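Protein chains in written order, with this note's numbering: chain A, 913 to 1042; chain B, 1136 to 1511.
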């Protein structure tokens, strides 16, 4: 199941707005996780209809993307991404892609895919995986 | 052909009025609207097609390949690429040029990792997905330039893998220019010999050649390929661009394509034959001096916009040699009236040739008025 990742401002009612937009279209939220750093955050959710949910959220004005990537939250400091890359390199796991989703209040949310997902997950144990 | 029926005529008239209206409020996108290609209207009567490599003969002779080669030669000269080494074609726009550049890098270095900054145009993510190439996004500095230290550290960790670096020569939101010389320096320091640099110079590729003190750009600064938009600074009613690279590289790709029985070295099959004609015509009409004057005026209007914002205490700024003026995201009313592209907390205007000082005045006044209303 594809996850939907939404970058949002930390405003009162934003989760309610997301829920309402989906409920109005009879789409069920199966899991929802939020991560807020300062004024901005990331909402990660799975629904029973991922493709339609994405369209509904986009039409409702949310900046939503689908990604099968692992999302990690890192301190936004020099070399933080490189340290993660190094861990993968030492373990012989190839990073297929590593994208910064947003940076705010000293943190960066990063989407990461690797050629061996199971090993990648194991490597990220201890990191702030969303 | 018959005249259109009244309903069709009314529809076309309404559409034209809408576009005329929108054109008056277009300040946020880098598209020059000041052009006149009416001399080329007669060419709309023919089925023209530039299918194939412009440097090779085509069986479809209703093409503008010869003119396209002239266009490539002019861009090669602007990008400091020796004519005998220059190869390229007129693309459908900057994205195709960027795709070609990364494709070339991937073909030369199949195990390469693409590095690009957070401020790179969103279309690169699509390209990377299509080409299925390993890639790592590097964080940007606040001003939109890549963070060179993070780039160095990340390359250092993967230095056994070839580097395919995508440089922003005028980033989309902030007009930032990645310092290609510095990136080359990092590669040298780390003894990375297998490296390829593609430059996305969509807008600034037509600015830097015409300023007194440009940031490093061009093939002499380290580019292996570059994508420049045609409909941006030059101005063209049809989206288009140019990709340039070195003939030696293309020869390697051409051989590999020949192996599967296709001699075409461009990405698409059928290609637009009118856009090379339009770009050629623009160069003929304006000439290099004309572009120099145009760029000088655009930069002057950009500076004027910064000053006008400054008068009202709005913290606006721009990079050296950039026509992109960045300022805090204005109220929604302003964005309803004007065509601008905000991103998060910021927005920009881009002082293309059709953006006059009068338009800047009106825009700044609207921003300030609406802000005051909000505060009140």
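Glycine is no exception: its CB is placed at the ideal position from the N, C-alpha and C atoms. Every value quoted in this text rests on a predicted model; they were computed, and no experiment measured them.
- For residue 982 (chain A), the closest Cβ of chain B is not nearer than 8 Å.
- The distance from the Cβ of residue 1185 (chain B) to that of residue 1482 (chain B) is about 37 Å, inconsistent with a contact at the 8 Å cut-off.
- Proximity of residue 1263 (chain B) to chain A, defined by a Cβ-Cβ separation below 8 Å, is satisfied.
- In this structure residue 972 (chain A) does not touch residue 935 (chain A) by the C-beta definition: roughly 12 Å separates them, more than the 8 Å allowed.
- Ranked by Cα distance from residue 1454 (chain B), the options B:1306, B:1270, B:1222 are led by B:1306.
- In this model, residue 1387 (chain B) and residue 1331 (chain B) are separated by some 15 Å (Cα to Cα).
- The Cβ-Cβ distance between residue 1463 (chain B) and residue 1449 (chain B) falls below 8 Å.
- Residue contact check for residue 962 (chain A) against chain B: no CB pair falls below 8 Å.
- Excluding its 5 nearest sequence neighbours in each direction, residue 946 (chain A) has C-beta neighbours in its own chain below 8 Å: 927, 953, 954, 955, 956, listed in chain order.
- Rounded to the nearest angstrom, the gap between the Cα atoms of residue 1492 (chain B) and residue 1309 (chain B) is 21 Å.
- Annotation: residue 1007 (chain A) to residue 1250 (chain B) spans about 12 Å, alpha carbon to alpha carbon.
- Contact annotation for residue 1042 (chain A) against chain B: no contact, minimum CB-CB distance about 17 Å [criterion: below 9 Å].
- Using beta-carbon distances, residue 1269 (chain B) counts as an interface residue toward chain A, with a partner under 8 Å.
- Pairing residue 1377 (chain B) with residue 1210 (chain B) gives a Cβ-Cβ distance under 8 Å.
- DSSP assignment within the segment 1315 to 1398 of chain B yields the following whole beta strand (DSSP E) runs of 3 residues or more, N-terminal first: 1330 to 1335, 1360 to 1364, 1376 to 1381.
- The straight-line gap separating the alpha-carbon atoms of residue 1383 (chain B) and residue 1360 (chain B) is approximately 12 Å.
- Per DSSP, the continuous beta strand (DSSP E) segment holding residue 1223 (chain B) begins and ends at 1221 to 1226.
- In summary, residue 1293 (chain B) is buried, with 16 or more beta-carbon neighbours lying within 10 Å of its beta-carbon over all protein chains present.
- Distance from the CA of residue 1431 (chain B) to the CA of residue 1168 (chain B), rounded to the nearest whole angstrom, comes to 17 Å.
- Here DSSP, grouped into helix, strand and coil, assigns residue 1161 (chain B) to strand.
- Contact between residue 1021 (chain A) and residue 987 (chain A) is absent: CB atoms are separated by about 12 Å, not below the 8 Å threshold.
- The alpha helix (DSSP H) runs of length 4 or more contained entirely in the segment 1181 to 1235 of chain B are, from start to end of the chain, 1200 to 1213.
- For residue 1172 (chain B), no beta strand (DSSP E) encloses it, and the DSSP letter there is neither H nor E.
- Looking at the backbone, the Cα of residue 940 (chain A) and that of residue 964 (chain A) are separated by about 11 Å.
- In this structure, residue 1163 (chain B) sits away from residue 1369 (chain B), with a CB-CB distance that is not shorter than 8 Å.
- One alpha carbon belongs to residue 1471 (chain B), the other to residue 1000 (chain A), and they sit about 47 Å apart.
- Burial check for residue 1002 (chain A): the Cβ neighbour count within 10 Å stays below 16, so the residue is exposed.
- Restricting attention to B:1170, B:1319, B:1283, B:1487, the CA atom closest to the CA of residue 1421 (chain B) is found in B:1170.
- In terms of CA proximity to residue 1244 (chain B), B:1295 leads the group B:1313, B:1262, B:1295.
- Residues of chain A with a Cβ closer than 9 Å to the Cβ of residue 1171 (chain B) do not exist, since the nearest Cβ in that chain sits about 38 Å away.
- Fewer than three Cβ pairs drawn from the segment 1222 to 1236 of chain B and the segment 1273 to 1283 of chain B lie within less than 8 Å of each other, which leaves the two stretches out of contact.
- Counting C-beta pairs with one atom in each stretch, the segment 1400 to 1407 of chain B and the segment 1186 to 1194 of chain B have three or more that are closer than 8 Å, which means they touch.
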